[in-house]
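I have placed the structure first, in the form of structure tokens, so that the comments after it can refer back to it.
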Amino acid sequence: MTHQHYRNKRMMVFIMGLVMGMVGLAYASVPLYQLFCKVTGYGGTTQESLAAPGAAAGAIIRDVRFNASTMPDLKWHFAGPEKPVSVAPGEEVLIHYTATNISDVPATGTSTFNVTPFKAGSYFMKIDCFCFEEQTLQPGETVKMPVVFYLDPDIDQDINTQEVPEITLSYTFFAVENED
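Here this note's numbering is used: the first residue of the sequence shown is 889, the next is one more, and so on.
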């Protein structure tokens, strides 16, 4: 084996390893990014909690607005509360989104969510949410889907969020493909 042949073979092994590493990172990037967002609250990702601590005296009251949308492949009418809710940090709040299957076949959807402004996402704590599970609606069926949340009282201590007067919770539903 010539020296040039050996170098070419070594370069080919290096390039193949690089390509395989890039493919591996591509597969791992979505779950790693989701984990990063969940841990840090980056990108408006909300946090999960078991219970609200209760409203603190002198807390800054904020309006929480609700947004709802569906992707075109899911034939649902999906809406959140029309009016904003005034929330004190630590106060537990229950609201309902409504979904109606407007197609003539059963449909299953899953939702993604975020909070804007993004810097408030890590302080938006969900206790219970329809978004934790897939939702299946029969043709013409309408359901009320609860969300129980509170704002972490630390939102008032963060200099970056003290002046945030309004927070928007947004959900987007996507169709779940049948695995038949």
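In this text, a Cβ means the ideal position worked out from N, Cα and C, and glycines have one as well.
Could you give the DSSP three-state label for ASN1048: helix, strand or coil? coil
Considering only the alpha carbon of each residue, which of PHE902, TYR1059, GLU1065, MET899 lies closest to HIS844? Outside the modelled stretch of the chain, which goes from 889 to 1068, sits residue 844, for which no answer is possible.
Length of the line joining the Cα atoms of ALA956 and PRO1041: 26 Å
Looking at the structure shown, is PRO1041 part of a helix, part of a strand, or coil, going by DSSP? helix
Cβ neighbour criterion (16 or more within 10 Å) applied to PHE902: exposed
Leaving out five residues before and five after VAL1035 in sequence, what residues of the same chain have Cβ atoms less than 8 Å from its Cβ? LEU982, ILE983, HIS984, TYR985, LYS1014, ASP1016, CYS1017, PHE1018, CYS1019, LEU1057
So, is GLN1023 buried or exposed, given that buried needs 16 or more other C-beta atoms within 10 angstroms? buried
CA-to-CA distance, LYS971 to ALA987, given in whole angstroms: 17 Å
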